[in-house]
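According to our numbering, the sequence shown is numbered sequentially starting from 12. Even glycine gets a Cβ: it sits at the ideal position worked out from N, Cα and C.
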Amino acid sequence: QEKGIQLAGNAIDDVLTVALFPQIGLKFLENRHNPAAFEPVPQAEAAQPVAKAEKPAASGIYTVEVEGKAFVVKVSDGGDISQLTAASSAPVQAASPVAPAGAGTPVTAPLAGNIWKVIATEGQSVAEGDVLLILEAMKMETEIRAAQAGTVRGIAVKSGDAVSVGDTLMTLA
Numbered sequence: 012q013e014k015g016i017q018l019a020g021n022a023i024d025d026v027l028t029v030a031l032f033p034q035i036g037l038k039f040l041e042n043r044h045n046p047a048a049f050e051p052v053p054q055a056e057a058a059q060p061v062a063k064a065e066k067p068a069a070s071g072i073y074t075v076e077v078e079g080k081a082f083v084v085k086v087s088d089g090g091d092i093s094q095l096t097a098a099s100s101a102p103v104q105a106a107s108p109v110a111p112a113g114a115g116t117p118v119t120a121p122l123a124g125n126i127w128k129v130i131a132t133e134g135q136s137v138a139e140g141d142v143l144l145i146l147e148a149m150k151m152e153t154e155i156r157a158a159q160a161g162t163v164r165g166i167a168v169k170s171g172d173a174v175s176v177g178d179t180l181m182t183l184a
């Protein structure tokens, strides 16, 4: 009454507003019929979308999981998707370029992170699905498995190494 506040038709709403938000609620009720007391409505020019950057930093290859299925997505410089392929059913590796004949099959990093533990040893025979190493990314451990049976011909990383997506971790022959 002393501040000249008029309550709404349903007074309980105003009482709750002041009870829950004593300072702001009271200020709101005092200025309910004075729109100049509140923030102005944003103008149309502020709502326009921001223009795209002239040139993105770089293109990239990403492994994206949708409903439990992994997809390898290649994004070009313009931001357009230039390639989309389904990754293998085993959570092994992203698609990688074919190695030259006689060089073996590279096992590449499906995500960026740190090598937590190398399990396979050089010269060891592995079966399809065997765990070769464990990669740690964002406090999660990911087992890197063999996509095919073979022999470990070269190990390019050691425990503690930081790797990026697509880096060769080891080679199978």
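{"Query": "N-terminal and C-terminal residue of the beta strand (DSSP E) that PRO117 is part of", "Result": "116 to 119"}
{"Query": "Inter-residue spacing [alpha-carbon to alpha-carbon] between GLU41 and ASP25", "Result": "11 Å"}
{"Query": "Helix, strand or coil at PRO102 according to DSSP, with G and I counted as helix", "Result": "Note that PRO102 scores a pLDDT of 47, beneath 50, so its modelled location is shaky; the value from the coordinates is reported in the next line. In the structure shown, PRO102 sits in coil (DSSP, three-state: anything other than H, G, I, E or B)."}
{"Query": "7 Å Cβ cutoff met for ILE126 and LEU143", "Result": "no"}
{"Query": "Local conformation of PHE32 per DSSP, three classes", "Result": "coil"}
{"Query": "Cβ-Cβ distance between LEU180 and ALA123 below 7 Å", "Result": "no"}
{"Query": "Integer Cβ distance of THR182 from GLY165, believed to fall under 8 Å", "Result": "4 Å"}
{"Query": "Chain-order list of residues whose beta-carbon lies under 7 Å from that of GLN159 (same chain, five-residue window excluded)", "Result": "THR116, GLU139 and LEU183"}
{"Query": "MET149 - containing beta strand (DSSP E), residue span", "Result": "It is not in any beta strand (DSSP E) - MET149 carries neither H nor E in the DSSP assignment."}
{"Query": "Where ALA131 falls, given that 16 or more other Cβ within 10 Å makes a residue buried", "Result": "buried"}
{"Query": "Own chain residues within Cβ distance below 6 Å of ALA173, not counting five before or after", "Result": "ASN125"}
{"Query": "Cβ-Cβ separation, GLY161 to VAL137 (assumed contact under 8 Å), whole Å", "Result": "6 Å"}
{"Query": "LEU27 burial status per 10 Å Cβ neighbour count (16 or more: buried)", "Result": "exposed"}
{"Query": "Identified DSSP bridge partners for ASN42", "Result": "Bridge partners of ASN42: none, in fact."}
{"Query": "Pair within 7 Å by beta-carbon distance, VAL77 and VAL84", "Result": "no"}
{"Query": "Rounded separation between VAL129 and ASP178 - CA only", "Result": "15 Å"}
{"Query": "Element boundaries [beta strand (DSSP E), containing LYS169]", "Result": "Counting along the chain, LYS169 falls outside any beta strand (DSSP E), and DSSP gives it neither H nor E."}
{"Query": "DSSP bridge partner residues for ILE126 (one or two, in chain order)", "Result": "LEU146"}
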